[in-house]
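**Student:** Here the sequence shown is numbered in this note's numbering, starting from 1 and rising by one per residue.
Glycine included, each C-beta is placed from N, C-alpha and C at the ideal position.
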Amino acid sequence: MLDEAGSPVHIYTEDGFRIQRRLAGHNPNVHPHGVLLDLRDVGVLFKSEDSATPFTVYPQAGLVTAGHIQADGLVAPYLPLLQELNSKVRVPLDDNNMDADDPDMATDVPIIGISCQAYNAVMHNTRGRCAQHHDAQRGLVTAALAGGFARTISNTRTARILQTQCKNRLPHLEFKQKIANNNDHPLDCSLRFENTFVIHMDRLNPVYHDGGFVSYIAFAF
């Protein structure tokens with residue numbers, strides 16, 4: 001896998017795409033932590049020769065340069081893969097669907113990548129029990145303290161509920177419990193990369209009009 005200089009020896013598919021064949025090493029005695037993206041360089045993933053895909057970054061825990069992303073399209077390295085797949089599964093070209101300006105491609109492609117996101121799976125563990133918001137975002141302690149100035153019966157009742165929640169367990173202790181990691185219940189800290197596609201069935205070759213093909217796309221990307 002390495003040459004004499006210690007650099008990886010790359011191998012490629014017949015279509016010219018590099019095959020990843022090395023796994024990251026880790027110390028089994030160190031508890032896993034959430035993998036985050038380096039937001040300083042993430043922009044290169046969304047730049048192609050023709051355009052740049054809009055994306056948004058979400059730094060985590062005040063780290064500024066590390067966090068999650070969402071984009072209104074796919075990362076640039078996926079675009080040639082998707083183009084190659086579309087050329088193989090689309091309705092065969094004829095005089096009715098041929099593009100005069102580009103005779104090798106029809107006007108409409110069957111599979112369109114519309115968005116993607118990358119985030120750490122640990123986020124699923126740290127959400128609030130009854131809401132999408134995380135405990136640290138709910139302002140539980142602030143609301144409980146403000147409840148001391150409640151004037152109405154309804155607000156007083158709400159304040160007591162919040163104060164009871166704080167008495168049972170403060171938000172930072174709740175968060176610590178949620179990210180606890182042990183051998184019986186290992187915490188999923190993997191970095192998830194999710195792509196969203198729209199498949200126009202009427203633009204697909206009829207031989208691919210089945211659920212197995214959709215599963216193939218999900219596996220490929």
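Quick check: the Cα distance between D50 and N120, rounded to an integer number of angstroms?
**Tutor:** Between D50 and N120, the C-alpha separation is close to 30 Å.
**Student:** What number of angstroms, rounded off, separates the C-alpha of M1 from the C-alpha of H172?
**Tutor:** Their Cα atoms are separated by approximately 45 Å.
**Student:** Touching or not, the segment 59 to 78 and the segment 144 to 163, by the rule of three or more beta carbon pairs under 8 Å?
**Tutor:** With the cut-off at 8 Å, the segment 59 to 78 and the segment 144 to 163 do not touch.
**Student:** Can you check whether the CB of L140 is closer than 8 Å to the CB of Q165?
**Tutor:** Yes; because the gap between Cβ atoms is below 8 Å, this pair is in contact.
**Student:** Looking at the unbroken beta strand (DSSP E) that takes in L55, where does it start and where does it end?
**Tutor:** Note that residue 55 is Phe in the sequence shown here, rather than Leu. It spans F55 to P59 - the beta strand (DSSP E) in which F55 sits, taken as one unbroken run.
**Student:** Alpha carbon to alpha carbon, what distance is there between H209 and G34?
**Tutor:** If I take the Cα positions, the gap works out to 39 Å.
**Student:** Residues in its own chain within less than 8 Å of I179 by CB, not counting five upstream and five downstream?
**Tutor:** Result list for I179: V122, N125, T126 and L187, in chain order.
**Student:** From D3 to R18, what distance separates their C-alpha atoms?
**Tutor:** Cα to Cα, D3 sits roughly 17 Å from R18.
**Student:** Just the C-alpha distance for F175 and R169, rounded to the nearest angstrom, thanks.
**Tutor:** Distance between the alpha carbons of F175 and R169: 10 Å.
**Student:** Count the C-beta pairs between the segment 39 to 57 and the segment 19 to 27 that are closer than 8 Å, then say yes if the count reaches three, no if not.
**Tutor:** In short, these stretches do not touch, since the Cβ pair count stays below three.
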